[in-house]
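Beneath this line is the structure, given in C-alpha cells, with notes to follow.
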Amino acid sequence: MRDLKGYIFDLDGTVYLGKQLIEGADIVINSLLNQGKKVLFLTNKTIESRQRYVEKLRSFNINASLENILNPTVTLIEYLREHHPDASLYVIGEQPIKDELTLAGFREGMAPSEVDVVVLSWDRDFHYDHLNFAYQAVKLGAKMIATNPDRTCPVEVGDVPDCAGMIGAVEAVSGKKIDVQIGKPSVLTIEAALKILQLKPEECVMIGDRLETDIRMGIEAGMKTALVLSGITAEDDLRSSAWKPDYVLPSVSGLLSGKRAGC
Numbered sequence: 034m035r036d037l038k039g040y041i042f043d044l045d046g047t048v049y050l051g052k053q054l055i056e057g058a059d060i061v062i063n064s065l066l067n068q069g070k071k072v073l074f075l076t077n078k079t080i081e082s083r084q085r086y087v088e089k090l091r092s093f094n095i096n097a098s099l100e101n102i103l104n105p106t107v108t109l110i111e112y113l114r115e116h117h118p119d120a121s122l123y124v125i126g127e128q129p130i131k132d133e134l135t136l137a138g139f140r141e142g143m144a145p146s147e148v149d150v151v152v153l154s155w156d157r158d159f160h161y162d163h164l165n166f167a168y169q170a171v172k173l174g175a176k177m178i179a180t181n182p183d184r185t186c187p188v189e190v191g192d193v194p195d196c197a198g199m200i201g202a203v204e205a206v207s208g209k210k211i212d213v214q215i216g217k218p219s220v221l222t223i224e225a226a227l228k229i230l231q232l233k234p235e236e237c238v239m240i241g242d243r244l245e246t247d248i249r250m251g252i253e254a255g256m257k258t259a260l261v262l263s264g265i266t267a268e269d270d271l272r273s274s275a276w277k278p279d280y281v282l283p284s285v286s287g288l289l290s291g292k293r294a295g296c
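Heads up: the sequence shown begins at 34 in the numbering used here, then just goes up one per residue.
Next comes the structure, spelled out in C-alpha cells:
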C-alpha cells in the first residue's frame, strides 16, 4: 500500500465517530500528506457543508482544505448542470444542501406541479408534509435523485437512520424507484474522485468502514480497498459479503502497516 499515490478516506466511522477522532487517524493522514501522497476525504453525508468538514478535520489537527473534500452535493450539482440544467427542484434535506443548490443557481418548485426533480437526501426533520409533497411531484412526472443509499450513519453511541429512510418512504408510496443515486458506490462519485486526484484507479486505495458503499465502490473502480472495523462493519460481516477488501484493519492507525485480508 505504501507505493500507492492516492488515498481516499471515508469520514464517519473511518476518521472519526461524531465528535471523537479515531485514535491515530491524524498521525496517519498527516504522515501521508508529508510524504507527498494525494489525499481525498469522501463522505456520503449532505448535512454539513464542505467548509464545515474542513473546520472539523482541522480541529482534529488534520491538514484539510476544500480541494480535498468531496461530498454528494458537489457531484449532484455537476450532474444536474449536465442533465437537468434548468430544473426546478424539491429538496428533502437539511439547510446546507439547500443552500449549496441555491448558490449553484437552481430554483425551488413552490408546488408539486412546478417540480422537475425531487432530491432525496438525509433529513433529520423529515415529516409527512415532505413525503406528501414529494409523492405528488413524482406522481406528476418529477424525477427522483438520491444523494446516497446509506441505511445508517455511525455515531459515538451506535448508529442512526440515514438517507435510505427518506428514499424508502418516497419509493414505497409512489411505487417508483429512484432514477439516479449520486453518492458512494455510484460511478458518478468514482469519476468525480479520480478527476480531483488526477490519478488512475490502480494508483489509489479506498479506505472505509462500509462494505456495500466504500469497499464496493473501490472494487468496482479497480482500486485497492481497505476496510476498517472502527465504524459500521464488524469482522463477522465479511463472511456473508460479496465485497471482499484487500486489507482489513482495526482502524486507520494500522493503515501503513496493514496486512492483506486473510493474512
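From the three backbone atoms N, C-alpha and C, an ideal C-beta is built for every residue, glycine too.
Can you name, in chain order, every residue of its own chain whose Cβ lies under 7 Å from the Cβ of residue i, other than the five neighbours on each side?
| i | result |
| --- | --- |
| GLN169 | PRO145 |
| GLY295 | Since pLDDT at GLY295 reaches only 48, below the 50 mark, its modelled position is unreliable, and no value is offered. |
Going along the chain, which residues of its own chain have a beta-carbon closer than 8 Å to the beta-carbon of residue i, five neighbours each way excluded?
| i | result |
| --- | --- |
| LEU262 | ASP242, GLU268, VAL281, LEU282, PRO283, SER284 |
| LYS7 | Nothing about residue 7 can be read from this structure; the chain reaches only from 34 to 296. |
In the DSSP assignment, the alpha helix (DSSP H) including residue i goes from what residue to what residue?
| i | result |
| --- | --- |
| LYS71 | First-last for LYS71: 71 to 75, but that is the beta strand (DSSP E), not the alpha helix (DSSP H). |
| MET177 | No alpha helix (DSSP H) holds MET177; the beta strand (DSSP E) holding it covers 176 to 179. |
| SER207 | 197 to 207 |
| ASN96 | Premise fails: ASN96 is in no alpha helix (DSSP H) and is neither H nor E. |
| PRO129 | 128 to 136 |
| SER64 | 58 to 67 |
Please name the residue in the options whose C-alpha comes closest to that of residue i.
| i | options | result |
| --- | --- | --- |
| HIS160 | LEU65, ALA97, GLY198 | GLY198 |
| ASP43 | GLU127, MET239, GLU245 | MET239 |
| ASN104 | ALA226, CYS186, LEU232, ASP270 | ALA226 |
| GLY46 | LEU164, ALA275, LEU244 | LEU244 |
| PHE4 | PRO182, MET143, PRO187 | The structure shown does not extend to residue 4, since the chain is modelled only from 34 to 296, so the question has no answer here. |
| ALA246 | LEU221, LEU230, ASP212 | The amino acid occupying residue 246 in the given sequence is Thr; Ala does not appear at that position. Checking every option, the nearest Cα to that of THR246 belongs to LEU221. |
| GLN53 | ASN67, HIS117, ILE80, VAL190 | VAL190 |
| GLU56 | ALA202, ASN94, ALA175 | ASN94 |
| GLU147 | GLY264, GLN84, VAL124 | VAL124 |
| ASN63 | GLY251, GLY201, LEU90 | LEU90 |
| GLY51 | LYS210, GLU235, MET256, PRO187 | PRO187 |
Say whether chain B places a C-beta atom closer than 8 Å to the C-beta of residue i.
| i | result |
| --- | --- |
| GLU100 | Within the model displayed, chain B is absent; a lone protein chain is all it includes. |
From which residue to which residue does the beta strand (DSSP E) around residue i run?
| i | result |
| --- | --- |
| LYS143 | Residue 143 is actually Met in this sequence, not Lys. From DSSP, MET143 is part of no beta strand (DSSP E); its letter is neither H nor E. |
| VAL150 | 150 to 153 |
| LEU122 | 121 to 125 |
Checking the sheet assignment: what are the DSSP bridge partners for residue i?
| i | result |
| --- | --- |
| MET239 | ILE41, THR258 |
| LEU282 | VAL261 |
| ASP192 | PRO187 |
| GLN53 | LEU50 |
| LEU103 | LEU75 |
Going by other Cβ atoms of all chains shown within 10 Å of its Cβ, with 16 needed for buried, is residue i buried or exposed?
| i | result |
| --- | --- |
| ARG249 | buried |
| THR258 | buried |
| THR135 | exposed |
| ALA254 | buried |
| PRO278 | buried |
| GLY69 | exposed |
In its own chain, which residues sit with a C-beta less than 6 Å from the C-beta of residue i, not counting the 5 before and 5 after it?
| i | result |
| --- | --- |
| THR106 | THR79, ILE130, GLU133 |
| ARG140 | SER121 |
| LEU288 | VAL61 |
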